[in-house]
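In UniProt numbering, the protein residues as written are 1 to 403.
The beta-carbon is built from N, C-alpha and C at its ideal position, and this holds for glycine as well.
Predicted model, so just to flag it, every value in this text is computed and none were measured.
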């Protein structure tokens with residue numbers, strides 16, 4: 001008989017700041033996302049603290065008064081972890097830990113923690129470990145206060161080496177070792193990609209938790225892990241897909257997120273090579289999310305950073321079955337109509353009209369409009385294939401009765 005497993009969620013508190021770059025509404029959106037990240041990592045949010053500041057406090061990030069409020073709440077409710085929405089400097093982290101006497105994380109550390117949980121293959125674990133060590137290196141100070149100096153001995157006298165210096169050296173050596181290991185794996189991955197021949201490569205890209213893996217499973221009839229949590233996919237999966245009689249390679253890549261740590265972008269360079277070397281990108285968007293336009297902008301920004309901003313792209317608006325919009329009563333003459341009140345048809349008439357037939361509206365979970373999706377992908381892949389192999393043109397008719 002299977003025993004029911006109870007998950008013991010860690011008590012957490014979230015902290016964000018309102019400043020000239022992010023207003024109150026924006027901070028609420030960021031903290032909503034941070035709460036989802038916390039839940040994914042195994043935490044339960046008890047309270048949020050928000051403060052309006054022009055510039056973050058160089059010592060404690062937030063003001064002393066607000067910090068005292070947080071300290072009182074942490075002590076009263078036995079909070080085990082306090083998470084800040086922005087990256088903290090090593091000095092800020094030490095000062096806050098000293099005052100609150102509990103675990104202090106920032107957004108970067110939290111994402112790294114989720115990545116370490118999700119990493120399944122040796123390759124992904126190496127990438128995450130490298131990012132964690134690079135994050136840890138400047139934050140080692142203060143972790144070793146129990147030993148002042150290593151003991152000397154015959155032939156070992158002199159200033160010696162402090163424990164913190166030893167640790168820094170160990171971490172630097174480990175970083176060097178991991179980078180060499182990644183270079184070796186990069187060459188292996190490059191060879192693997194080269195061995196795939198001249199098949200057209202299609203990559204699923206998009207924000208995290210938009211349904212890329214679900215779409216991958218439906219299209220490729222595979223069993224890629226998919227879950228309603230952030231970063232369910234960490235390892236790139238490549239499958240051969242055949243639509244009609246036209247074969248191509250479809251890859252499911254790691255999802256992007258706002259304020260993605262720079263260490264991760266660098267460490268996951270090879271994973272993102274699948275995107276760089278793709279002939280066609282399927283940019284999957286969760287249209288049911290209130291901030292889907294910002295998600296599109298975040299993904300486009302990262303695509304630009306890795307040199308893939310100008311690739312041929314099809315916008316795939318997923319989760320139309322979950323799409324809802326605000327309504328205004330007929331007798332309501334005060335409420336102004338905004339984007340929150342747009343129906344799907346009205347959204348199609350906005351900037352999406354410029355995208356034209358490169359915008360598809362589907363539900364991967366309910367398999368809505370998948371025939372249209374398959375036809376559109378087939379046409380694009382066929383165009384690329386015929387350009388690459390003109391003599392194969394007769395093999396793939398322009399219109400297929402069945403996809």
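Supposed close pair residue i, residue j - CB separation, criterion 8 angstroms
i	j	result
residue 111	residue 13	About 18 angstroms; that fails the 8 angstroms criterion.
residue 253	residue 236	5 angstroms
residue 60	residue 99	7 angstroms
residue 241	residue 220	5 angstroms
residue 380	residue 280	6 angstroms
residue 320	residue 361	5 angstroms
Backbone CA spacing between residue i and residue j [nearest angstrom]
i	j	result
residue 179	residue 258	26 angstroms
residue 276	residue 211	21 angstroms
residue 182	residue 85	30 angstroms
residue 133	residue 171	7 angstroms
residue 322	residue 368	12 angstroms
residue 94	residue 385	56 angstroms
residue 388	residue 373	23 angstroms
residue 343	residue 324	8 angstroms
residue 199	residue 278	10 angstroms
residue 305	residue 9	36 angstroms
residue 383	residue 375	12 angstroms
residue 285	residue 167	43 angstroms
residue 118	residue 186	20 angstroms
residue 25	residue 244	47 angstroms
residue 202	residue 248	7 angstroms
residue 125	residue 92	28 angstroms
Close Cβ partners of residue i (< 8 angstroms) along its chain, the five nearest in sequence each way excluded
i	result
residue 45	12, 13, 14, 35, 38 and 39
residue 307	276
Given residue i as reference, the closest of the options once Cα atoms are compared
i	options	result
residue 428	310, 374, 318 and 43	Outside the shown range of the chain, which is 1 to 403, sits residue 428, and nothing can be said about it.
residue 165	303, 140 and 174	140
residue 57	19, 249, 334 and 306	19
residue 169	303, 378, 137 and 184	137
residue 114	63, 41, 314 and 351	41
residue 108	119, 92, 97 and 135	135
residue 87	106, 294 and 301	106
residue 326	353, 290, 246 and 378	290
residue 188	64, 273 and 70	273
residue 73	352, 116, 102 and 246	102
Close beta carbons around residue i, own chain, < 7 angstroms, minus the five adjacent residues each side
i	result
residue 299	205, 206, 207, 256 and 283
residue 364	211, 214, 215, 218 and 318
residue 31	14, 16, 48 and 85
residue 129	178
residue 4	Because residue 4 sits at a pLDDT of 42, beneath the cut-off of 50, its placement in the model cannot be relied upon, and the following sentence gives the value as read from the coordinates. Cβ neighbours of residue 4 beyond the five flanking positions: none.
residue 347	none
Limits of the beta strand (DSSP E) - the one that residue i falls within
i	result
residue 314	313 to 318
residue 139	Here residue 139 belongs to no beta strand (DSSP E), and DSSP marks it neither H nor E.
residue 51	43 to 52
residue 286	280 to 286
Nonlocal neighbours in the same chain, by C-beta distance under 6 angstroms from residue i, ignoring five residues either side
i	result
residue 175	133
residue 90	138 and 139
residue 122	none
residue 359	315 and 352
Element boundaries [alpha helix (DSSP H), containing residue i]
i	result
residue 92	90 to 100
residue 292	292 to 305
residue 237	No alpha helix (DSSP H) contains residue 237, which is instead part of the beta strand (DSSP E) from 237 to 243.
residue 65	64 to 77
residue 115	107 to 118
residue 213	212 to 220
residue 385	370 to 388
residue 201	From DSSP, residue 201 is part of no alpha helix (DSSP H) but of the beta strand (DSSP E) over 201 to 206.
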